[in-house]
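According to mature numbering (1 follows the signal peptide of the UniProt record, and there is no 0), the sequence shown holds residues -21 to -1, 1 to 227 in order. Right, one structure below, let's go through it.
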Amino acid sequence: MNIFTSALLLTIYGVFSSVNADLCAKERHNVCIKPGMGLIDFPTSLGELQKSCPTFLKILRCLLEYQNLCGSKYPGMSEIKFDEAYVLMTQACNKNSAFHLELGSSLSCLHNLFTTHINVCQPLVNPSVKTSLESHGIYLDDKNYAMKKNDDLRYHCLTDAMQVSCFIARTSVTCGDQAENMMKDILSRVEYVETLCGEEMFDELAETILYAHKDMEKKVAAKYCESWSVFRLCDRKPPIKKRIHPFW
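Shown next as structure tokens:
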């Protein structure tokens, strides 16, 4: 390789390195979600999904490219599998795919769950997290408690995990087994909970999360039974199944 070629390659590499550094200095949501895109709501029908697909796919492609280029900003934390998320979204947007049709039959119900999630789940999640933390000797409400290393990570991991647990339990009760299994598959493929917790913290708290998830299922069922008198659902016994993951 001659001197000119070497110098040219170094110059090009330097320019791209500078561009990459500038890009990676920004938060990914600021890079990928542009002004004017508008609020992206969970669709209620396949028609709404199709209208949103170009924007969804554009954002996911950008997030994937950002991830590949910039890596993780949070050492020790897992990363959402945007490559898998992009594949799933592509399947959801393909009118000829089985996933597209399966999703379509549950969109309206799932939309209602998303829009009411915080109001319904937060009152159930907070006490569940508090009880789970106390089982580990962590008393965040006690002013005299001395915070241990990673207590904040344990709190956020359990909170995020229980939010997902509540959503899955509500999906089972209100939208049916097909929608529940579909959401579990989506969350599993992108490793959503593992990402929120981080691999190390997820492994540490897996047993606690499993116990709390079972308790959350009972709380959600009781809440629906009390408010809606859905005796058909309240009296049924959950199917016995081998759990290979805290949620499924």
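C-beta: ideal position from N, C-alpha, C; glycine also. Bear in mind that the values here come from a model prediction, so they are computed numbers and not experimental data.
{"Item": "At least 3 beta-carbon pairs within less than 8 angstroms: the region 59 to 78 vs the region 35 to 50", "Value": "yes"}
{"Item": "Alpha carbon of residue 158 to alpha carbon of residue 85, nearest angstrom", "Value": "6 angstroms"}
{"Item": "Cβ pair count under 8 angstroms reaching 3, the region 67 to 84 against the region 187 to 195", "Value": "no"}
{"Item": "Beta-carbon spacing of residue 141, residue 104 below 8 angstroms", "Value": "yes"}
{"Item": "Cβ contact check for the region 148 to 156 and the region 110 to 120: 3 or more pairs under 8 angstroms", "Value": "no"}
{"Item": "Helix, strand or coil at residue -11 [DSSP, three-state]", "Value": "Caution applies to residue -11, whose pLDDT of 42 falls short of 50 and renders its modelled position unreliable; the model cannot decide the point."}
{"Item": "Residue 26, buried or exposed, once every other Cβ within 10 Å from all chains shown has been counted against 16", "Value": "exposed"}
{"Item": "Residue 138 versus residue 4 - alpha carbon distance", "Value": "29 angstroms"}
{"Item": "Cβ contact (3+ pairs, closer than 8 angstroms) linking the region 172 to 181 and the region 93 to 107", "Value": "no"}
{"Item": "Counted within 10 angstroms of its Cβ, other Cβ atoms place residue 168 as buried (16 or more) or exposed", "Value": "exposed"}
{"Item": "Among 21, 11, 113, nearest to residue 91 - alpha-carbon criterion", "Value": "21"}
{"Item": "Other residues of its chain near residue 198: CB distance less than 6 angstroms, five sequence neighbours each side excluded", "Value": "103"}
{"Item": "Under the three-state DSSP convention, the category residue 12 falls into", "Value": "coil"}
{"Item": "Whole-Å CB distance - residue 136 paired with residue 181, under 8 angstroms assumed", "Value": "7 angstroms"}
{"Item": "Close beta carbons around residue 28, own chain, < 6 angstroms, minus the five adjacent residues each side", "Value": "22"}
{"Item": "Beta-carbon contacts of residue 130 that lie in its chain and below 6 angstroms, excluding the five residues immediately before and after", "Value": "117"}
{"Item": "Residue environment, residue 196, which counts as buried when at least 16 other CB atoms sit within 10 Å", "Value": "buried"}
{"Item": "Residue 90, DSSP secondary structure in three states", "Value": "helix"}
{"Item": "For residue 188, the three-state DSSP class (helix, strand or coil)", "Value": "helix"}
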